[in-house]
Amino acid sequence: MKEDLANARQFMELAVEEARKGMHAGKGGPFGAVVVKGGKVISIASNEVLSSSDPTAHAEIVAIRRAGTMLKTYDLTGCVLYTTGEPCPMCFSAIVWANIQEVYYGAPMEEADTLGFRDSKIAGYFRGEECCLTMTRVENAALKELYEEYRTTGKTIY
Ligand SMILES: [Zn+2]
1 MKEDLANARQ
11 FMELAVEEAR
21 KGMHAGKGGP
31 FGAVVVKGGK
41 VISIASNEVL
51 SSSDPTAHAE
61 IVAIRRAGTM
71 LKTYDLTGCV
81 LYTTGEPCPM
91 CFSAIVWANI
101 QEVYYGAPME
111 EADTLGFRDS
121 KIAGYFRGEE
131 CCLTMTRVEN
141 AALKELYEEY
151 RTTGKTIY
């Protein structure tokens, strides 16, 4: 069920405030995210790329990691994510991996691009556009064996 928009605006304000605090504290870019479940805030985060020396420490990723820790699960089914900026492809994927199915965002990624971020360029890669790296497949029989070992162990797919 969709959260009503009045609640969405409140959670978005929390995300914006966290983004502002993080930005002024030198943690990273002007981005914040909040994970909510059943109307209750589970986690809140700002971008921490600079303070943690971690290029993957986008606000959404940090908020998802904290929510997983709080709820003691990798499966965030039923959680709602509020984020100040449209999720970049990395964060979009993390949201899918976390089974979060409802996202509210503030600024579209094109606005982040106006600040110098590369979100749209990365997204373009998935539409077949040129990007900033090369990817080359290296076939390896040992990997096929590894996958087969995994298939036969019947482990949880994650
Ligand atoms: Zn991101």
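The sequence shown lines up with residues 1 to 158 when you count with UniProt numbering.
Backbone N, C-alpha and C fix where the C-beta goes; we use that ideal spot for every residue, glycine too.
- Within the same chain, Cβ atoms closer than 6 Å to the Cβ of residue 29 are found at 47, the five residues on either side in sequence being excluded.
- Taking 7 Å as the cut-off, one finds at least one heavy atom of ligand 1 near enough to the beta carbon of residue 90.
- The beta carbons of residue 35 and residue 64 sit closer together than 8 Å.
- DSSP, reduced to helix, strand and coil, places residue 88 outside both helices and strands of the structure shown, so it counts as coil.
- With contacts defined by Cβ atoms closer than 8 Å, residue 133 and residue 100 do not form a contacting pair.
- DSSP, read as helix, strand or coil, puts residue 115 in coil.
- Checking the 7 Å criterion, the Cβ of residue 30 is out of range of every heavy atom belonging to ligand 1.
- The way I'd put it, the segment 126 to 143 doesn't touch the segment 100 to 115; fewer than three beta-carbon pairs between them come closer than 8 Å.
- Beta bridge pairing from DSSP links residue 32 with 46.
- Per DSSP, residue 6 is one residue of the alpha helix (DSSP H) stretching across 5 to 24.
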